[in-house]
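Novice:
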Amino acid sequence: MLKSILSDLNDVEDYSVDYIVSDNLSFDEFPNCNVIHVDDLFSWLDVNCKYYDCCLFIAPEDDLIQYKITLILEKHEIPIIGSNSSASYTCTSKSRTYDEIPDNILKVPSKIINVNNIDYENINSILKKKKLIIKPDNRTSSDLIYKFNDIHQLRKIIKKYEKEDVLKALIQEYIPGNSISVSTICNNDHIDIISINSQEIKENTTQIEYTGCKTPIQHPLKKEIIEQTKKILTNIPGLRGFVGVDYIIHDKSIYFIEINSRITTPYIVLHELTDENLTKTLIENLLNNESRKIKIKSTGYFYK
1385 MLKSILSDLN DVEDYSVDYI VSDNLSFDEF PNCNVIHVDD LFSWLDVNCK YYDCCLFIAP
1445 EDDLIQYKIT LILEKHEIPI IGSNSSASYT CTSKSRTYDE IPDNILKVPS KIINVNNIDY
1505 ENINSILKKK KLIIKPDNRT SSDLIYKFND IHQLRKIIKK YEKEDVLKAL IQEYIPGNSI
1565 SVSTICNNDH IDIISINSQE IKENTTQIEY TGCKTPIQHP LKKEIIEQTK KILTNIPGLR
1625 GFVGVDYIIH DKSIYFIEIN SRITTPYIVL HELTDENLTK TLIENLLNNE SRKIKIKSTG
1685 YFYK
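The opening position of the sequence shown corresponds to residue 1385 in my numbering, with each subsequent residue numbered one higher.
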């Protein structure tokens, strides 16, 4: 995703762009973008962000990293090309997000658990009626999403979570169907739907893994998906910038999964397919509180 953004910014002559990365990362192919290597991002931002007109960043929800960066930028009153700290905090937790979504939105039945204090007997009683999946409550990667059919499998998964320092997890009913996402640009007054995207999912006996996307796709429930997406996003104040919403479609039912209050994988494809510079449009839409329709000229794919 960083390369996609830098590719766009490298082509904008009237922007002066610095990008901040760790010591072991830089890209030689973007000569108009200046790389700055830092060891401690939070300390560097706290001292230096005041010298910039705005900030667009890529960061995971893990360990509240996205939220913490946003707090620093807000403290120094730097315009953020993204969501504010309140929305970021809500969306770093799948369970917190569910609490903010209206009851008339169809959600996957879920139960939040503490990894170190699990009521296996209660979960076992649910398993007698339904297939279940488990996922970390506040992680970005899909590598730790599992299906399980019995408590023995669940205990093995919990051991993996303990090794990965996962403290809270979401147990959900397994809904068979097609996974999709919706890519949007939000600002204070507008929600622009850019695309509906497939989510290519690989499932084996126990694990569910995201492997890529196709974008855009035409969906028979397009109108309903767009209406539901706008309803969901308006219920969380402070969502701004490129925001993704994930669903599972089962028959004609649209199950809400989660909100990603950040740039997501379809951006890698979309920035190549739009008829204008996507990153420049994103920045200008937010800084000027505009709504400028983004046209997509073809279909593209991304695979991990």
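Ideal placement from N, C-alpha and C gives every residue a C-beta, glycine not left out.
Could you please give the first and the last residue of the uninterrupted beta strand (DSSP E) stretch that includes His1634?
Specialist: Its beta strand (DSSP E) spans residues Gly1625 to His1634.
Novice: So the candidates are Ile1585, Lys1664 and Asn1644; which of them puts its Cα closest to the Cα of Asn1522?
Specialist: Per the Cα distances, Asn1644.
Novice: Between the segment 1617-1635 and the segment 1564-1576, do three or more beta carbon pairs fall short of 8 Å?
Specialist: Judged by Cβ distances under 8 Å, the segment 1617-1635 makes contact with the segment 1564-1576, as three or more pairs qualify.
Novice: Which stretch, first to last residue, makes up the beta strand (DSSP E) that contains Ala1553?
Specialist: Element bounds for Ala1553: Lys1552 to Glu1557.
Novice: If you draw a straight line from the C-alpha of Ile1592 to the C-alpha of Tyr1530, how long is it?
Specialist: So the two alpha carbons sit approximately 6 Å from each other.
Novice: Since Leu1688 contacts Gly1561 with CB under 8 Å, what's their CB separation in whole angstroms?
Specialist: Inspection of the sequence shows that residue 1688 is occupied by Lys rather than by Leu. Wrong, their Cβ atoms sit about 21 Å apart, outside the cutoff.
Novice: Rounded to whole angstroms, what is the Cα-Cα separation between Asp1447 and Ser1477?
Specialist: Going by the C-alpha atoms only, they are around 10 Å apart.
Novice: Say yes only if the C-beta of Ile1464 is nearer than 7 Å to one or more non-hydrogen atoms of the ligand FAD, and no if none qualify.
Specialist: Inclusion of the ligand FAD in the displayed structure is not the case, the ligand content being empty and no account of it being possible.
Novice: Which residue's Cα is closest to the Cα of Tyr1403: Ser1427, Val1419, Thr1663 and Ser1637?
Specialist: If we check each option's Cα against that of Tyr1403, Val1419 comes out closest.
Novice: In terms of residue numbering, what span does the beta strand (DSSP E) encompassing Pro1520 cover?
Specialist: Leu1516 to Pro1520 is the extent of the beta strand (DSSP E) around Pro1520.
Novice: By a C-beta neighbour count over all protein chains shown, 10 Å radius and 16 as the cutoff for buried, is Cys1406 buried or exposed?
Specialist: The question names Cys, yet the displayed sequence has Ser at residue 1406. Classification for Ser1406: exposed.
Novice: Measure the Cβ-Cβ separation of Ile1485 and Ser1579 and say whether it is below 8 Å.
Specialist: It is not a contact, given that the beta carbons lie outside the stated cut-off.
Novice: Using DSSP with H/G/I as helix, E/B as strand and the rest coil, what is Thr1658?
Specialist: Strand.
Novice: Using only the alpha-carbon positions, how far apart do Lys1516 and Asn1408 sit?
Specialist: Note that residue 1516 corresponds to Leu in the displayed sequence, not to Lys. Whole-angstrom Cα-Cα distance: 40 Å.
Novice: Provide the residue(s) that pair with Phe1532 in DSSP beta bridges, ordered along the chain.
Specialist: Leu1516.
Novice: May I have the straight-line CA-CA distance separating His1655 from Asn1669, to the nearest angstrom?
Specialist: Going by the C-alpha atoms only, they are around 15 Å apart.
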